[in-house]
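S.K.: The sequence shown lines up with residues 1 to 245 when you count with full-length UniProt numbering.
Beta carbons are placed, not taken as given, at the ideal position from N, Cα and C, and that holds for glycine.
Please find one structure pasted underneath; my questions will follow.
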Amino acid sequence: MLLVWHSRAAPMRPRARLLATETAAVFELRVNLGQGGGMVEGELQAFFSKSELLTVRYPVPVELRVRPERGVLRVYETGYGLREGDVLRACSTFEMRFDSAARETRLGPGFHGRPNGDAIAQGGGRGAASSIPWLEGGWWREQLSRTVGLREPQNLPELGVFSETAPTKVLFVADGQSFERVRDALLANVPDKTDNVVMLFERPLDPKATRPRDLSSPRPRVPPKGESFSPLTADDLRDLFGEKG
Numbered sequence: 001m002l003l004v005w006h007s008r009a010a011p012m013r014p015r016a017r018l019l020a021t022e023t024a025a026v027f028e029l030r031v032n033l034g035q036g037g038g039m040v041e042g043e044l045q046a047f048f049s050k051s052e053l054l055t056v057r058y059p060v061p062v063e064l065r066v067r068p069e070r071g072v073l074r075v076y077e078t079g080y081g082l083r084e085g086d087v088l089r090a091c092s093t094f095e096m097r098f099d100s101a102a103r104e105t106r107l108g109p110g111f112h113g114r115p116n117g118d119a120i121a122q123g124g125g126r127g128a129a130s131s132i133p134w135l136e137g138g139w140w141r142e143q144l145s146r147t148v149g150l151r152e153p154q155n156l157p158e159l160g161v162f163s164e165t166a167p168t169k170v171l172f173v174a175d176g177q178s179f180e181r182v183r184d185a186l187l188a189n190v191p192d193k194t195d196n197v198v199m200l201f202e203r204p205l206d207p208k209a210t211r212p213r214d215l216s217s218p219r220p221r222v223p224p225k226g227e228s229f230s231p232l233t234a235d236d237l238r239d240l241f242g243e244k245g
């Protein structure tokens, strides 16, 4: 199945840095979700041994020529700032969105931006998930359990309605997610909710770099600061990329 939106506008390309370490290539993220969604800052481990991370912002609706291939969504036609072979890693979406598997609108996964967009403090030597004071104490779990997109109900007798805020934007990371979940996250960006969508694509720079660097001894991915992914096992990676054991 192909995802196709349409836009004639050229994408913007905010700065994205590639940090080389002794064990892996790590991208440093600073993604502005827009429309009050705040700034998501963190790190993301590269899929490929030699690649770069592109951050693009498109007006909605947009034409995205991608298709599922070996567990990821790959661009199949060059255009709009993207090249054939680019891999979708993440996109902005709404926390409350339609789940096609459950056939209902429900709370979906995603990383919240910091409301004021300030730089997040680093350090402490306790790892990314515990070194940020504003995310300590289970803050993000409280966010997942709350009603998304609504303030505490406030009766307005003179109007006879309840106060409501804009839907909550999050950064959805596509790693290890099913095609249906990625599609749902992308298609949640509709014109009546937002005027733009941010997407992160990883572009392999080596023509032979068609798979992760080492399936036999995978290294845990570095999550966005403040929240964590479960490290992928060798079996997980084989399933994700269609490798035979």
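Just to confirm the assignment, what range does the beta strand (DSSP E) spanning Asp99 have?
M.R.: From DSSP, the beta strand (DSSP E) with Asp99 extends over 96-99.
S.K.: Starting from Glu180, trace the beta strand (DSSP E) both ways and give me its first and last residue.
M.R.: Unbroken run through Glu180 is the alpha helix (DSSP H), 179-187; no beta strand (DSSP E).
S.K.: Output the boundary residues of the beta strand (DSSP E) element that contains Leu33.
M.R.: That residue, Leu33, is in no beta strand (DSSP E); it is neither H nor E in DSSP.
S.K.: Tell me whether Ser178 is buried or exposed, calling it buried when 16 or more other Cβ atoms sit within 10 Å of its Cβ.
M.R.: Exposed.
S.K.: Write down the C-beta distance between Tyr76 and Arg65 rounded to the nearest angstrom, noting that I regard them as a contact closer than 8 Å.
M.R.: About 6 Å; that satisfies the 8 Å criterion.
S.K.: Rounded to whole angstroms, what's the CA-CA distance from Glu41 to Glu28? Just pull it up for me.
M.R.: Their backbone Cα atoms lie some 8 Å apart in a straight line.
S.K.: What separation, rounded to the nearest whole angstrom, lies between the Cα atoms of Gly85 and Phe47?
M.R.: Those two C-alpha atoms are separated by around 13 Å.
S.K.: Going by DSSP in three states, Gly113 sits in which element: helix, strand or coil?
M.R.: Coil, per DSSP.
S.K.: For a test of the three-state rule: what should DSSP assign to Phe47, helix, strand or coil?
M.R.: Phe47: coil per DSSP, three-state reduction.
S.K.: Among Val182, Ala102, Ser100, Val62, which one has its Cα closest to the Cα of Leu88?
M.R.: The shortest C-alpha separation from Leu88 is found at Val182.
S.K.: For Pro68, report the span of its beta strand (DSSP E) as first-last.
M.R.: Where Pro68 is concerned, the enclosing beta strand (DSSP E) stretches over 66-69.
S.K.: Using the rule of at least 16 other Cβ atoms within 10 Å of the residue's Cβ for burial, across every protein chain shown, is Pro191 buried or exposed?
M.R.: Counting Cβ neighbours within 10 Å, Pro191 comes out exposed, since fewer than 16 surround it.
S.K.: Is the beta carbon of Gly110 closer than 9 Å to that of Val170?
M.R.: Cβ atoms of Val170 and Gly110: closer than 9 Å.
S.K.: Taking only three categories from DSSP, how would you classify Gly137?
M.R.: Low per-residue confidence applies at Gly137: pLDDT is 36, beneath 50, and the placement is therefore not dependable, though the value from the model is reported in the following sentence. Reduced to three states, the DSSP call for Gly137 is coil.
S.K.: Considering Cα atoms alone, identify which of Ser51, Gly34, Asn32, Gly38 is closest to Asp206.
M.R.: Out of Ser51, Gly34, Asn32, Gly38, Ser51 has the C-alpha closest to the C-alpha of Asp206.
S.K.: Going by DSSP, which residues form a beta bridge with Lys169?
M.R.: In the DSSP output, where bridge partners are listed per residue, Lys169 has Phe94.
S.K.: Classify Asp195: buried if its beta carbon has 16 or more other beta carbons within 10 angstroms, exposed otherwise.
M.R.: It counts as exposed.
S.K.: I'd like to know whether the C-beta atoms of Ser92 and Phe172 end up nearer to each other than 9 Å.
M.R.: For Ser92 and Phe172, yes; Cβs fall inside 9 Å.
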